[in-house]
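With positions in the sequence shown counted from 1, the corresponding number in my numbering is that position plus 24.
C-beta: ideal position from N, C-alpha, C; glycine also.
Note that the coordinates shown come from a computational prediction; the quantities given were computed from them, not determined experimentally.
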Amino acid sequence: MKLRYIILFFFILSVLFLSGCTQTKEDSVPSTSSTTVTTTTASSITSTTVSVKTTSLTTTTTTSATTTISTTTSTSITSSTLWNPQFREEVIEEEYDSILRLIEVDDKPVYVAKANNKYFVVWEGEEGQRYEDIDYLSIFEYNKKPTYKADSGVSWRVISGVEEVGRRYPHIGPLTEVNNKLTYSVQSRTGWMIIFGDEIVGTEYDYVHSPAEVNGRLAYFALKDKNRFVVYGDSKTKNYHGFSSQNPPTEINNSLAYIVRENEKEYLVYGEHQGNLFDSIKGLTEVVDKPAYKATIGDKSFIVYGEKELGKEYDFVGSPTEVDGKLAYCAMEVDVGFVVFDGRKQIRHSKVYHPIEVDGKLTYKFVSAGRSVISYGGVDVGRQYDQVYCFAEVNNSLAYIAKKDDMWYMVQEVSV
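Here it is, written out as structure tokens:
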């Protein structure tokens, strides 16, 4: 009888011992180290407060004689989902004074750089021709090529890929695409006109500018005998006193929308609707089928979204945008900046910049302790660099340009 109890006692002890040594898959994340890989982790918690132990993930990278590659891992917790964005870093060997803009072209990063007081585009690792100036704000993808206007010091010309398109002019307006045609306004010796693919339109008017696509039709501002109106396809709007030069015609919920300037005031015309009067309007855009813009009265700026006026409690607001089907804009109170997203303030910083959407996530740059950092879906990205310069969505992932110890880096998110 005693022997039976002794055997039972040791059996229970063995079970307890084995269960104490067993670790579930959810409690463990494998960790490895490599001399060619740099891995860092950061935790951000939203929605549900939890306690998480963060460890590095196994990563495999390659190096070459001219490129240094490392991987950064960031961790964010949303409810019970573990998110670990990883990034591939490549050294940009060339010495540039600055890198001004990063965009996506055919799912690849393209950027505008400056060196020795000349501007050029770097596409597929190759530098384009250098110019006195490039309108880097209007560079965009057209026919899977970076397309932009450049100044030789004598005249402006349009470059698509590595080829010059069309004629050279004293002045060329911002570039856009209308019905798959490269479109822009130009000033020639005989006056202003619209280059619409292979066509020239608007020569019957005294002045034309700001072309855009609205419902599949070409729309632009025009002046004729002191009458100002919008040319929209084959029709024209009524005459107005003037238009805002900072807001071209646009499409909002399938309707033509534009900003009229009259008697030192500006207002929105949207379909059959006329908005309220403001001193100025900037950043007109569409957010969930409604017009949104930044309005100013005196020294006070705020957001107009549909019929609502938002952000009047802040000292400053930036232009609005749509992120994941929600309204987003940057704002400041005294000397503190933050992003307002879906009506809620995000983390406060000394300074924040215009937010964008990357793979459905709120993404913006902010300044922390004198360094610029990216907030990507609630995760801080790029703290290991001296500064983060420009960023964009490339192939549904985050890409950015950073600098550390006088070295430039191209950093791109990689699939895990």
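Backbone secondary structure at L301 - three-state DSSP: Taking the sequence shown and counting its residues from 1, one reaches residue 301 at position 277. In this structure, L301 counts as coil in the three-state DSSP scheme.
Check Y160 in the structure and name its three-state DSSP category. The residue you call residue 160 lines up with position 136 of the sequence shown. The answer is helix: DSSP assigns Y160 an H, G or I state.
Within its chain, find whatever has a CB closer than 6 angstroms to the CB of E165; leave out the 5 residues flanking it on each side and keep chain order. Here residue 165 refers to the residue found at position 141 of the sequence shown. So the qualifying residues of the chain are V129.
I'd like the ranges of any beta strand (DSSP E) spanning at least 3 consecutive residues and lying wholly in the stretch 177-258. 180-184, 187-193, 200-202, 205-212, 215-220, 223-225, 231-238, 241-248, 251-256
Suppose the cutoff is 7 angstroms on Cβ atoms and the five residues either side in sequence are ignored; what does the same chain contact list for D175 look like? Translated into the one-based positions of the sequence shown, residue 175 becomes position 151. These residues qualify, in order along the chain: Y155, E156, D157.
Checking the sheet assignment: what are the DSSP bridge partners for C414? Start at 1 with the first residue of the sequence shown, and residue 414 comes out as number 390. Answer by DSSP bridge pairing: none, since C414 is not bridged.
Whole-angstrom distance between E333 and A355, CA atom to CA atom: Residue 355 sits at position 331 when you count from the first residue of the sequence shown. Residue 333 sits at position 309 when you count from the first residue of the sequence shown. Distance between the alpha carbons of A355 and E333 is about 14 angstroms.
Between V134, S421, E117, which has its C-alpha nearest K427's C-alpha? Within the sequence shown, the letter at position 403 stands for residue 427. Taking only the C-alpha atoms, the option nearest K427 is E117.
Could you check the C-alpha separation between N271 and G307 for me, to the nearest Å? On the sequence shown, residue 271 is found 247 positions in, with the first residue counted as 1. On the sequence shown, residue 307 is found 283 positions in, with the first residue counted as 1. So the alpha carbons of these two residues sit roughly 7 angstroms apart.
V438 versus G384: straight-line alpha-carbon distance, rounded: In the sequence shown, the residue the question calls residue 438 occupies position 414. In the sequence shown, the residue the question calls residue 384 occupies position 360. Roughly 16 angstroms between the two C-alpha positions.
Could you compute how far the alpha carbon of L292 sits from the alpha carbon of Y282? Taking the first residue of the sequence shown as position 1, residue 292 is located at position 268. Taking the first residue of the sequence shown as position 1, residue 282 is located at position 258. Rounded to the nearest angstrom, the two C-alpha atoms are 6 angstroms apart.
Could you tell me if Q298 is buried or exposed, where buried requires 16 or more neighbouring beta carbons within 10 angstroms of its beta carbon? What you label residue 298 is simply residue 274 of the sequence shown in a count that begins at 1. Exposed: under 16 other Cβ atoms inside 10 Å.
What first and last residue would you give for the beta strand (DSSP E) that runs through F362? Indexing the sequence shown from 1 puts residue 362 at position 338. Counting along the chain, the beta strand (DSSP E) containing F362 begins and ends at 360-365.
When W432, Y338, D348 are compared against S325, the one with the closest alpha-carbon: On the sequence shown, position 301 is the one that residue 325 refers to. Minimum Cα distance to S325 is reached at Y338.
Bridge partners for E381 per DSSP, in chain order? The residue labelled residue 381 in the question sits at position 357 within the sequence shown. For E381, which the question treats as bridged, DSSP gives the partners L386.
Quick check on the DSSP output: the beta strand (DSSP E) that includes V145 runs from which residue to which? Here residue 145 refers to the residue found at position 121 when the sequence shown is read from its first residue. First-last of the beta strand (DSSP E) with V145: 142-147.
Take K138 and list the residues in its own chain whose beta-carbon comes closer than 7 angstroms to its own, dropping the five residues that flank it on each side. Here residue 138 corresponds to residue number 114 of the sequence shown, with the count starting at 1. Excluding residues within five positions, the ones whose Cβ falls inside 7 angstroms are Y120, D121, S122, L124.
Among V403, F415, D410, D430, which has the Cα closest to the Cα of Q110? For the purposes of this step, residue 110 is identified with residue 86 of the sequence shown, where counting begins at 1. Nearest option by C-alpha distance: V403.
Three-state class that DSSP yields for R395 in the structure shown: As a working note, residue 395 is residue 371 in the sequence shown. Residue state, collapsed to three classes: strand.
Measure the C-alpha to C-alpha separation of L247 and V328 and round it to an integer number of angstroms. Here the question's residue 247 lines up with position 223 in the sequence shown. Here the question's residue 328 lines up with position 304 in the sequence shown. Cα to Cα, L247 sits roughly 29 angstroms from V328.
Out of curiosity, what's the CA-to-CA distance linking Q436 and G240? For the purposes of this step, residue 436 is taken as the residue at position 412 of the sequence shown. For the purposes of this step, residue 240 is taken as the residue at position 216 of the sequence shown. Computed Cα separation, rounded: 34 angstroms.
So, is H233 buried or exposed, given that buried needs 16 or more other C-beta atoms within 10 angstroms? Residue 233 sits at position 209 when you count from the first residue of the sequence shown. It counts as buried.
So, at 6 angstroms on beta carbons, what are the nonlocal neighbours of A134 in its own chain, with the 5 sequence-adjacent residues on each side left out? The residue given as residue 134 occupies position 110 in the sequence shown. Ala is not the amino acid found at residue 134; the sequence shown has Val there. Contacts found: I127, W147, P170.
I need the straight-line Cα distance from W432 to K318, nearest angstrom please. Along the sequence shown, one-based indexing puts residue 432 at 408. Along the sequence shown, one-based indexing puts residue 318 at 294. Answer to the nearest angstrom: the Cα atoms are 35 angstroms apart.
I need the straight-line Cα distance from N300 to E290, nearest angstrom please. What you label residue 300 is simply residue 276 of the sequence shown in a count that begins at 1. What you label residue 290 is simply residue 266 of the sequence shown in a count that begins at 1. Rounded to the nearest angstrom, the two C-alpha atoms are 8 angstroms apart.
For L422, I'd like the list of residues in its chain whose CB is within less than 6 angstroms of its CB, leaving aside the five on either flank, ordered along the chain. Taking the sequence shown and counting its residues from 1, the one referred to as residue 422 is at position 398. Closer than 6 angstroms at the Cβ level, and outside the excluded window around L422, lie V382, Y400, E437.
Beta-ladder partner(s) of S325, from DSSP: For this step, residue 325 is matched to residue 301 along the sequence shown. DSSP output for S325 lists T320 as bridge partner(s).
Rounding to the nearest angstrom, what Cα-Cα distance links G330 and N278 in this structure? Within the sequence shown, residue 330 is the residue found at index 306, counting from 1. Within the sequence shown, residue 278 is the residue found at index 254, counting from 1. Cα to Cα, the separation comes out at about 15 angstroms.
Considering just the uninterrupted stretch of the beta strand (DSSP E) at E290, what are its terminal residues? Position 266 of the sequence shown, counted from the start, is the residue given in the question as residue 290. Where E290 is concerned, the enclosing beta strand (DSSP E) stretches over 289-294.
Between which two residues does the beta strand (DSSP E) carrying V136 extend? Residue 136 sits at position 112 when you count from the first residue of the sequence shown. Residues 132-139.
Could you name the residues of the same chain whose beta carbon sits closer than 6 angstroms to that of G295, not counting the 5 residues immediately before and after it, in chain order? Counted from its first residue, the sequence shown places residue 295 at position 271. Correct list, in chain order: S279.
Compute the Euclidean distance between the alpha carbons of Y413 and V202, then round it to the nearest angstrom. For the purposes of this step, residue 413 is identified with residue 389 of the sequence shown, where counting begins at 1. For the purposes of this step, residue 202 is identified with residue 178 of the sequence shown, where counting begins at 1. Distance between the alpha carbons of Y413 and V202 is about 31 angstroms.
Looking at the structure shown, is P170 part of a helix, part of a strand, or coil, going by DSSP? Counting from 1 along the sequence shown, the entry for residue 170 is found at position 146. In this structure, P170 counts as strand in the three-state DSSP scheme.
With DSSP run on the structure shown, which of helix, strand or coil describes V466? One cannot answer for residue 466 here, as it falls past the ends of the chain, which runs 25 to 440.
Should I219 be labelled buried (16 or more other beta-carbon atoms within 10 Å of its own) or exposed? Start at 1 with the first residue of the sequence shown, and residue 219 comes out as number 195. That one is buried.
L242: which of S268, S212, P273, P194 sits nearest, CA to CA? Residue mapping note: residue 242 aligns to position 218 of the sequence shown, counting from 1. If we check each option's Cα against that of L242, P273 comes out closest.
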